[in-house]
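Each remark here refers to the structure printed beneath this line.
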Amino acid sequence: MTLLALVPTRRQAARTLAGAASMGVTASYSVILLAVSVTLTAMGPRARAAAVSQMSTNLHNLTRGHLGTLIGSAFVNDSDSIYFWLPGLVCLLALGEIIWRGKGLLLTFAVGHIGATLIVAAGLLAAVRTGSLPSSIARASDVGMSYGAVCVLGALTASIPARWRSVWVGWWLGVALPAAAGMDFTAIGHVLALLLGIGLSFRLSSIATWTPTHAALLLVGVTFGYLVLAGPSVVAPVWGAAGAVLAARVCTDVRSHRRVGGQTRTLAGNQ
């Protein structure tokens with residue numbers, strides 16, 4: 000009886016190990032983030048400040064050919080708050096890796112992290128050269144994983160059931176855009192990363208059937224994504240709800256127009 004009782008436990012352990020092995024990208028990235036943060040914290044504020052300065056994807060570094068910052072910046076954070084946000088990031092990335100596998104997750108994260116960074120840098124460079132922004136912004140700190148994470152969030156769009164997809168997109172744009180309206184370049188980068196992810200989502204695989212595990216990872220992941228985009232803002236939910244309602248209305252109008260247009264073409268053909 001004892002041996003028989005152990006069989007399900009062993010099988011369950013095997014499934015758990017197999018599941019962990021299938022999320023190697025998420026696990027590896029999380030361990031590296033944690034190790035880098037713990038090391039910088041142990042070395043003190045000066046070491047962290049130096050790492051942030053060297054790894055920032057700001058104009059000062061990029062225009063001097065320090066392109067390695069486009070990768071290195073994803074592993075450095077300007078604070079030691081990793082213990083607070085890492086669980087949410089892990090859930091978001093794990094869901095992405097379950098859907099797209101490791102290569103798909105890497106591609107999505109890279110498109111958001113590098114793509115949004117370069118677009119923002121081009122805009123900042125133009126603004127500095129035209130005098131719209133002070134030259135001091137060239138040395139602004141710009142490190143972290145937020146662009147990549149937000150792109151992963153946007154890339155989940157195609158996996159959202161079709162009837163809720165417009166609400167999903169409208170909500171996230173409503174949450175993200177108000178912060179970008181204040182000309183905060185990081186917030187603008189988040190909007191760009193979100194749009195890149197939404198566009199990329201329809202070229203990636205998607206979930207056909209949502210399981211409780213998928214739903215749980217999504218719940219924690221979107222909570223993390225919301226905090227990245229809106230922080231402690233009290234008006235973000237209002238803007239998000241407005242965006243969701245507007246997007247749903249536009250989607251309904253478009254469908255009605257297509258239906259009426261199709262009926263008109265059918266009648267014309269019958270005549």
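Letter 170 of the sequence shown, counting from 1, is numbered 169 in numbering that gives the first Met the number 0, and no numbers are missing. Virtual Cβ for every residue (Gly too), placed ideally from N, Cα, C. No experiment lies behind these values; they were computed from the predicted model shown.
Could you please give the first and the last residue of the uninterrupted alpha helix (DSSP H) stretch that includes residue i?
{"i": "S27", "result": "23 to 42"}
{"i": "W167", "result": "161 to 180"}
{"i": "T107", "result": "81 to 109"}
{"i": "P276", "result": "The shown model of the chain, from 0 to 270, leaves out residue 276, and the question about it has no answer."}
{"i": "T116", "result": "115 to 128"}
{"i": "V233", "result": "No alpha helix (DSSP H) holds V233; DSSP gives it neither H nor E."}
So, residue i versus residue j, is the Cβ gap smaller than 8 Å?
{"i": "A178", "j": "A229", "result": "yes"}
{"i": "G87", "j": "F223", "result": "yes"}
{"i": "G196", "j": "V151", "result": "yes"}
{"i": "D77", "j": "S140", "result": "yes"}
{"i": "V75", "j": "A41", "result": "no"}
{"i": "I81", "j": "S21", "result": "no"}
{"i": "S165", "j": "A246", "result": "yes"}
{"i": "L217", "j": "A93", "result": "no"}
{"i": "A157", "j": "L203", "result": "yes"}
Please report how far the alpha carbon of residue i lies from the alpha carbon of residue j, in whole angstroms.
{"i": "R162", "j": "A180", "result": "29 Å"}
{"i": "S200", "j": "W170", "result": "17 Å"}
{"i": "G147", "j": "V237", "result": "25 Å"}
{"i": "D183", "j": "S134", "result": "15 Å"}
{"i": "F44", "j": "V249", "result": "In the sequence on display, residue 44 carries Pro and not Phe. Using only the alpha carbons, I get a separation of about 50 Å."}
{"i": "L105", "j": "V234", "result": "33 Å"}
{"i": "S255", "j": "I136", "result": "47 Å"}
{"i": "S131", "j": "A48", "result": "28 Å"}
{"i": "V219", "j": "C90", "result": "6 Å"}
Have a look at the options and flag the residue whose alpha-carbon is nearest the alpha-carbon of residue i.
{"i": "S72", "options": "G23, I31, L92, M144", "result": "M144"}
{"i": "G173", "options": "A157, V244, A148", "result": "V244"}
{"i": "T56", "options": "I70, V168, R47", "result": "I70"}
{"i": "A192", "options": "G114, T129, T251", "result": "G114"}
{"i": "W209", "options": "I159, L203, L132", "result": "I159"}
{"i": "W84", "options": "T251, S255, V221", "result": "V221"}
Can you give me the Cβ contacts of residue i inside the same chain, cut-off strictly under 6 Å, excluding the 5 residues immediately before and after it?
{"i": "T212", "result": "none"}
{"i": "G103", "result": "L203"}
Got a sec? Which residues, its chain only, sit under 7 Å from residue i by beta carbon, not counting five neighbours each side?
{"i": "M54", "result": "T68, G71, S72, V75, V142"}
Spatial neighbours of residue i within its chain, please: CB distance less than 8 Å, with the 5 preceding and 5 following residues excluded, ordered by chain position.
{"i": "A109", "result": "G147"}
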